[in-house]
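Everything below concerns the one structure shown next.
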Amino acid sequence: MKADILAGAVVGLALIPEAIAFSIIAGVDPKVGLYASFIIAVITSFLGGRPAMITAATGGTALLMTGLVSSHGLQYLLAATILAGIFQLGWNLIQIGNQAKFISRAVTIGFANALGILIFKAQLPQLFELPDDVISWHVYALFAGGLAIIYLLPRLTTVVPSPLVAIVVITVISRVLGLNVPTVGDMGDLPESLPLFGLPQVPVSLETLQIIFPTAFAISIVGVLQCFLTANVVDDLTNTSSDKNQEVKALGIGNFISGFFGGMAGSAMIGQSVINVKSGGRTRLSTLSAGVLLLFFLLVLNQWVAVIPMAVLVAIMVMVSIGTFNWSSISNVKRVPRSETAVMLTTVVITVFTSNLALGVVVGISLNAILFSRKLADLVFVDTLLSPDGNERIYSVAGQIFFVSINNFLKAFNFREDINLVRIDLTNAHLWDQSAIAAIDKVVLNFRRNGIEVNLVGLNEASATLIDRLAIHDKTEYNKILP
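Okay, so the sequence shown: first residue is 243 according to the numbering used here, each after it adds one.
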């Protein structure tokens with residue numbers, strides 16, 4: 243319990259500036275992101291399917307809100323948040339978590355690497371875009387001191403998470419020396435009361451639905467993708483498994499309730515999840531502690547939280563970016579198949595240059611599917627055997643016949659050979675789609691045009707059913723036109 247509670251304390255403190263920053267990205271008051279982080283973290287701690295994973299307001303979903311907020315305001319965003327939660331509950335009903343298996347390890351590594359880069363990139367303004375009245379080397383010194391504590395303290399003791407010690411020590415140093423450096427309080431006003439229930443003040447009409455639908459749908463998709471990928475990362479870190487369908491359900495309920503309490507939509511946070519695990523968090527208590535202590539810090543210790551230097555929180559996030567990046571993906575680049583390296587790099591490049599996690603993942607998955615299909619297409623083999631009397635040719639086909647592999651399949655047949663009968667043995671083959679059936683039709687009809695009889699043998703039940711439905715080579719109207 244101690245490790246989980248202390249890890250939750252670290253995450254709760256780190257969530258404050260991030261939630262404020264994400265609120266600013268979305269164009270809403272800081273309390274909108276802070277309330278969302280508290281509500282969603284608490285709900286997913288009880289209902290989620292991945293213990294120790296942190297779910298709260300995120301940059302990936304915040305980026306999708308800017309257009310709606312700028313054109314229609316906060317109330318429409320709250321309505322979109324509720325609708326996004328409903329969509330995610332719908333995704334759970336169709337067991338969308340079962341589709342997480344289509345996200346390959348190359349895409350997951352690419353996502354983690356891109357996120358590590360984006361997290362690091364997001365910290366740079368806090369170090370290099372400082373107010374004129376701030377002495378930069380003070381900020382750099384606090385930043386370096388924070389990193390030193392984070393990485394050196396664990397060599398002496400792990401009783402207390404080093405990021406938490408860094409926050410306390412650097413804050414005390416800053417206050418004692420009276421340093422004028424950016425603090426959490428400079429990011430925005432912290433809430434001073436509990437979130438209150440309320441209905442979004444929007445007309446209940448089809449027009450409202452048309453306005454919020456695109457944003458809500460996009461948020462629901464990005465939220466699900468981030469859940470899958472973050473759960474995969476935490477699974478790897480803890481060497482345990484997760485129930486992704488349950489996690490999507492919990493996220494949907496969290497977003498649904500968040501909208502009624504003035505919070506924005508959120509999703510899984512890979513950075514904070516890594517902080518939690520690296521700090522010793524392993525159970526649901528760590529996630530619950532993060533949410534509860536976040537609110538405690540805001541309502542009870544807000545004056546102290548407000549003076550925490552941003553430099554030490556930047557140090558923590560740099561630690562997260564370093565821990566998130568899969569460094570072995572660089573050292574193993576020569577050992578991993580080129581296709582997987584291409585998928586990983588494509589995911590990284592698209593995600594980093596667009597700052598769109600969903601787009602990077604979708605492109606990575608699509609490229610992975612294309613490259614895998616090409617590999618599968620090369621695994622089609624056709625062996626031939628001529629009968630002793632020279633009148634019959636047997637073609638034995640092995641492999642998966644579908645739209646990518648049909649060219650290799652068709653090249654194997656000699657339509658001008660002087661024989662009477664062709665037997666195509668499909669015992670070790672499977673016909674998958676309309677393109678495969680069209681290829682079979684082409685082979686049969688071409689042989690018949692040259693006066694050669696064709697027999698298909700060895701079809702499995704699924705392939706035979708597909709031929710019965712779609713093939714034309716045995717249809718009367720086509721046989722009549724053959725010479």
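Here a beta-carbon is modelled for each residue, glycine too, at the ideal position from N, C-alpha and C.
- Residue 551 carries a strand assignment under DSSP once its states are collapsed to helix, strand and coil.
- The bridge partners DSSP lists for residue 670 are 640.
- Ranked by Cα distance from residue 496, the options 467, 646, 324 and 370 are led by 324.
- The C-alpha of residue 642 lies about 21 Å from the C-alpha of residue 627.
- Straight-line spacing of the CA atoms in residue 553 and residue 411 works out to 12 Å.
- Relative to the Cα of residue 584, the nearest Cα in the group 347, 674, 544 and 414 belongs to 347.
- By the Cβ neighbour-count rule, residue 630 is exposed, with fewer than 16 other Cβ atoms within 10 Å of its own.
- Shortest Cα-Cα distance from residue 607 to any of 692, 645 and 349 involves 349.
- Per DSSP, the beta bridge partners of residue 623 are 640.
- Inside the region 560–627, DSSP marks whole alpha helix (DSSP H) runs of 4 or more residues at positions 570–573, 580–596 and 599–619, from first to last along the chain.
- Looking at the DSSP output, residue 652 bridges to nothing.
- For residue 669, the CB contacts under 6 Å within the same chain, skipping 5 residues up- and downstream, are 700 in chain order.
- Pairwise C-beta distances place the region 293–311 in contact with the region 521–531, as three or more of them are shorter than 8 Å.
- In the three-state reduction of the DSSP assignment, residue 658 falls in the coil class.
- In the DSSP annotation of this structure, residue 698 is not part of any alpha helix (DSSP H); the continuous beta strand (DSSP E) holding it starts and ends at 695–699.
- Under a 10 Å Cβ-count criterion, residue 462 is classified as buried, with 16 or more other Cβ atoms of the shown protein chains found around its own Cβ.
- Annotation for residue 392: 404, 405, 408, 557, 558 and 561 place their beta carbon closer than 8 Å to its own, counting only its chain and skipping 5 residues before and after.
- DSSP places residue 452 inside the alpha helix (DSSP H), whose first and last residues are 448–480.
- Within the model, the alpha-carbon separation for residue 376 versus residue 262 is close to 21 Å.
- Excluding residues up to 5 positions away in sequence, 322, 325, 326 and 329 lie with their Cβ nearer than 7 Å to the Cβ of residue 458 in the same chain.
- When secondary structure is reduced to three states using DSSP, residue 525 falls in the coil class, being assigned neither helix nor strand.
- The continuous alpha helix (DSSP H) containing residue 489 extends over residues 486–502.
- Per DSSP, residue 684 is one residue of the alpha helix (DSSP H) stretching across 676–691.
- Beta-bridge partners assigned by DSSP to residue 510: 297.
- Burial is judged here by how many other beta carbons sit within 10 angstroms of a residue's own beta carbon; residue 707 has fewer than 16 and is exposed.
- Here residue 567 is buried. Its C-beta has 16 or more other C-beta atoms within 10 Å.
- In the DSSP assignment, residue 322 falls within the unbroken alpha helix (DSSP H) covering 316–335.
- Residue state for residue 371 is assigned as coil, using DSSP reduced to three classes.
- Counting only runs that start and end inside the region 387–437, the alpha helix (DSSP H) elements of at least 4 residues fall at 404–419.
- Beta-bridge partners of residue 634 (DSSP): 663.
- Of 310, 252, 453 and 254, the smallest CA-CA separation from residue 267 is found for 310.
- The three-state secondary structure of residue 255, taken from DSSP, is helix.
- Around the beta-carbon of residue 505, 16 or more other beta-carbon atoms lie within 10 Å, marking it buried.
- Measuring C-alpha to C-alpha distances from residue 493 to each of 344, 298 and 551 identifies 298 as the nearest.
- Buried is the label assigned to residue 681, since at least 16 other Cβ atoms lie within 10 Å of its Cβ.
- Leaving aside the five residues that flank residue 432 on each side, the residues in its chain whose CB is nearer than 6 Å to its CB run, in chain order, 540 and 544.
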